[in-house]
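Take a look at the structure below.
Residue numbers (the UniProt record's numbering): 1 to 508.
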């Protein structure tokens, strides 16, 4: 089952066409993304009317998008509009004209719908249980509060990054005094919403302003992993970006690496909003969701059409998509997982390393994507496995968890581990590094015990003394190939536990 779906998002700052492709088992994939910095907010008169020039800009953009959607032969295109069109006094006339001239039927989102779709995107792409979400658009800012992955509160503020600039900033970028005025204005509005005050939960930010701030921060600290989704910052990080770019001229801000030129004049007002919300909420961390309003609309429509369920198990869905993409043998994964869990349970009892439930969860995840790099090239499968898992977005797990997953799934020995972990040594303690190596070594032996994919090992027992760990393996079939491969791989576990490993095979 494969189909394409187009979505046009008419915002106050940008108008964007995104085309998604859906494949059963692999979910939605973005295949085209076209943006026009239309700045419709600039064409909203003092009387709240979208001017003729603004309407012309909107029509020209949509006509261009229409050419693309026809070329792609899209069966359906969803077209939504947010704050500027919603707030325009002549909104009905604009929608009617767009329909007549372009054929697109614009769905004018209410304040609730705009907030709700952002929430939907977050719970479909992260595993966060409780948080405040924020989406700063050009002309409005939506916040929600969810708990147990259910929407509890929402509010829409009638200011956005572009409208704040237009209201408070005389030049292209705010002066120090203008920043203070923006902050006072924003904080005053945030404090009118009681459920925001001192909530002490994470903030999940969506939208272009948050994405821009994260990209700039990653550039400043030379962030070693790829990917923006679920990137985490704290208040000090936000203040670092604010300080570093706050002294730049508008000319230099436009040239700043990783900052889109059309956001140079709105990034500073947006950062004032993020800082103000962080302090108001007394947040525990700031997390970027790469998925936002557009994906929320897409997920909701897919749910309504019974293509995918609402409120999925995000992590498991992500792993299913990876397994499908890399053509992983699911029967083999079951065998590998079962054997690895048996070894893990015994090692936890023996106590060479203090293993926890989180470590078991990591091992189970790693078994599902173990050595997927062989799909690319068998000879360098470890390198490919590490690179793919460390540098692709995996919805539902943090960047730090993604790194650990990549290290376990790609493990082939201490030498390669040191090479892979070198840029990230400050991310993991020595104890965590040891655990990762142990889990990787367990998977190496477990893989050896399934060398012929016949599910030979029925039961595992383990005994340990001062110098030796004896692993007894009860087998249902002849085990020579499995014995040969496991004997080759046991050295990795020996190096971690610092004991000799003796493998005793017995046939039932």
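By construction, the Cβ of each residue, glycine as well, lies at the ideal position given by its N, Cα and C atoms.
Problem - Residue(s) in a DSSP beta bridge with residue 316 - result: Numbered from 1 along the chain shown, position 316 holds the residue referred to as residue 316. None, per the DSSP bridge assignment.
Problem - Bounding residues of the alpha helix (DSSP H) (the contiguous stretch that carries residue 463) - result: Numbered from its first residue, the chain shown carries residue 463 at position 463. Taken as a continuous stretch (DSSP letters only), residue 463 belongs to no alpha helix (DSSP H), being part of the beta strand (DSSP E) at 457 to 464.
Problem - Runs of beta strand (DSSP E) lying entirely within the region 200 to 233, each at least 3 residues, in chain order - result: 203 to 206
Practice task
Could you pull the start and end residues of the alpha helix (DSSP H) that residue 400 belongs to?
Solution key: Residue mapping note: residue 400 aligns to position 400 of the chain shown, counting from 1. Taken as a continuous stretch (DSSP letters only), the alpha helix (DSSP H) holding residue 400 covers 399 to 409.
Practice task
From the DSSP output, read off the bridge partner residues of residue 486.
Solution key: Position 486 of the chain shown holds residue 486. Looking at the DSSP assignment, residue 486 forms no beta bridge with any residue, so it has no partner.
Problem - Nearest to residue 50 (by Cα), restricted to the options 12, 158, 333 - result: One-based indexing of the chain shown puts residue 50 at position 50. For the residues 12, 158, 333, the minimum Cα distance to residue 50 belongs to 12.
Exercise for the section: Classify residue 384 as buried or exposed, calling it buried when 16 or more other Cβ atoms lie within 10 Å of its own Cβ. Expected result: Reading the chain shown from its first residue, position 384 is the one you call residue 384. The residue is buried, with at least 16 neighbouring Cβ atoms inside 10 Å.
Handout entry: Start-to-end residues for the alpha helix (DSSP H) that takes in residue 439
Key = Numbered from 1 along the chain shown, position 439 holds the residue referred to as residue 439. That run of the alpha helix (DSSP H) goes 430 to 448.
Exercise for the section: Check residue 295 in the structure and name its three-state DSSP category. Expected result: Here residue 295 refers to the residue found at position 295 when the chain shown is read from its first residue. Helix, per DSSP.
Practice task
Measure the C-alpha to C-alpha separation of residue 84 and residue 337 and round it to an integer number of angstroms.
Solution key: In the chain shown, counting from the first residue as 1, residue 84 sits at position 84. In the chain shown, counting from the first residue as 1, residue 337 sits at position 337. Distance between the alpha carbons of residue 84 and residue 337 is about 52 Å.
Problem - Span separating the alpha-carbon of residue 213 from that of residue 230 - result: To locate residue 213, count along the chain shown from 1; it is residue 213. To locate residue 230, count along the chain shown from 1; it is residue 230. If you take the alpha carbons of residue 213 and residue 230, they lie about 13 Å apart.
Exercise for the section: Pull up the distance between the alpha-carbon of residue 73 and that of residue 353, whole angstroms please. Expected result: Indexing the chain shown from 1 puts residue 73 at position 73. Indexing the chain shown from 1 puts residue 353 at position 353. Roughly 57 Å between the two C-alpha positions.
Handout entry: Cβ pair residue 442, residue 344 closer than 8 Å
Key = Indexing the chain shown from 1 puts residue 442 at position 442. Indexing the chain shown from 1 puts residue 344 at position 344. The answer is yes: Cβ separation under 8 Å.
Practice task
Could you please give me the residues that DSSP links to residue 354 through a beta bridge?
Solution key: Residue numbering aside, residue 354 sits at position 354 when the chain shown is read from its first letter. Bridge partners of residue 354: none, in fact.
Exercise for the section: May I have a chain-ordered list of the beta strand (DSSP E) segments no shorter than 3 residues that lie completely inside the region 134 to 196? Expected result: 141 to 147, 150 to 157
Exercise for the section: Measure the C-alpha to C-alpha separation of residue 250 and residue 264 and round it to an integer number of angstroms. Expected result: As a working note, residue 250 is residue 250 in the chain shown. As a working note, residue 264 is residue 264 in the chain shown. Roughly 7 Å between the two C-alpha positions.
Practice task
Using beta-carbon positions only, say whether residue 144 and residue 118 come within less than 8 Å of one another.
Solution key: For the purposes of this step, residue 144 is taken as the residue at position 144 of the chain shown. For the purposes of this step, residue 118 is taken as the residue at position 118 of the chain shown. Contact: yes.
Practice task
Taking all protein chains shown into account, decide if residue 194 is buried (16 or more other Cβ within 10 angstroms of its Cβ) or exposed.
Solution key: Sequence index remark: in the chain shown, residue 194 carries index 194 (1-based). Classification of residue 194: exposed, given that the 10 Å Cβ count is below 16.
Exercise for the section: Kindly indicate which residue of 267, 131, 100, 28 has the alpha-carbon position closest to the one of residue 62. Expected result: Within the chain shown, numbered from 1, the residue matching residue 62 stands at position 62. Of 267, 131, 100, 28, the residue nearest in Cα terms is 100.
Exercise for the section: For the alpha helix (DSSP H) containing residue 245, list its first residue and its last residue. Expected result: As a first step, residue 245 is located in the chain shown; it is residue number 245 there, counting from the start. Segment 235 to 246, the alpha helix (DSSP H) holding residue 245.
Problem - Residue from 474, 458, 310 whose Cα sits closest to the Cα of residue 125 - result: Your numbering for residue 125 matches position 125 in the chain shown. The shortest Cα separation from residue 125 among 474, 458, 310 belongs to 310.
Handout entry: Burial state of residue 71, where buried means 16 or more other Cβ atoms lie within 10 Å
Key = Here the question's residue 71 lines up with position 71 in the chain shown. It is exposed - the Cβ of residue 71 has fewer than 16 other Cβ atoms within 10 Å.
Exercise for the section: Name the residue from 104, 496, 427, 110 whose alpha carbon lies nearest to the alpha carbon of residue 78. Expected result: For the purposes of this step, residue 78 is taken as residue 78 along the chain shown, with counting starting at 1. Closest option to residue 78, Cα to Cα, is 104.
Exercise for the section: Starting from residue 57, follow the alpha helix (DSSP H) in both directions and report where the run begins and ends. Expected result: Position 57 of the chain shown, counted from the start, is the residue given in the question as residue 57. 52 to 71 is the extent of the alpha helix (DSSP H) around residue 57.
Handout entry: C-beta contact flag for residue 319 and residue 369 at 8 Å
Key = As a first step, residue 319 must be located in the chain shown, where it is residue number 319. As a first step, residue 369 must be located in the chain shown, where it is residue number 369. It is a contact, given that the beta carbons lie within the stated cut-off.
Exercise for the section: Could you name the residues of the same chain whose beta carbon sits closer than 8 Å to that of residue 508, not counting the 5 residues immediately before and after it, in chain order? Expected result: By one-based count along the chain shown, residue 508 stands at place 508. So the list reads 458, 474, 475, 476, once near-sequence residues are dropped.
Practice task
Starting from the C-beta of residue 452, find all residues in its chain whose C-beta is less than 8 Å away, skip the five residues before and the five after it, and write them out in chain order.
Solution key: For the purposes of this step, residue 452 is identified with residue 452 of the chain shown, where counting begins at 1. Excluding positions up to five away in sequence, the list reads 481, 482.
Exercise for the section: Pull up the DSSP beta-bridge partners for residue 20, would you. Expected result: For the purposes of this step, residue 20 is taken as residue 20 along the chain shown, with counting starting at 1. Its beta-bridge partners are 5, 30.
Practice task
Round the Cβ separation of residue 31 and residue 20 to the nearest angstrom and send it over; I've been treating them as touching at under 8 Å.
Solution key: Numbered from its first residue, the chain shown carries residue 31 at position 31. Numbered from its first residue, the chain shown carries residue 20 at position 20. Going by Cβ atoms, the distance from residue 31 to residue 20 rounds to 7 Å, so yes, they are a contact pair.
Exercise for the section: Using the Cα positions of residue 270 and residue 295, report the straight-line distance between them to the nearest angstrom. Expected result: To locate residue 270, count along the chain shown from 1; it is residue 270. To locate residue 295, count along the chain shown from 1; it is residue 295. Cα to Cα, residue 270 sits roughly 22 Å from residue 295.
Problem - Collapsed DSSP secondary structure at residue 15 in the structure displayed - result: For the purposes of this step, residue 15 is taken as residue 15 along the chain shown, with counting starting at 1. In the structure shown, residue 15 sits in a strand (DSSP, three-state: E or B).
Practice task
Output the distance between the C-alpha atoms of residue 141 and residue 135, rounded to the nearest integer angstrom.
Solution key: Position 141 of the chain shown holds residue 141. Position 135 of the chain shown holds residue 135. About 6 Å.
Problem - Candidates 340, 297, 490, 497: closest to residue 504 by CA position - result: Within the chain shown, numbered from 1, the residue matching residue 504 stands at position 504. Among 340, 297, 490, 497, the Cα nearest to that of residue 504 belongs to 490.
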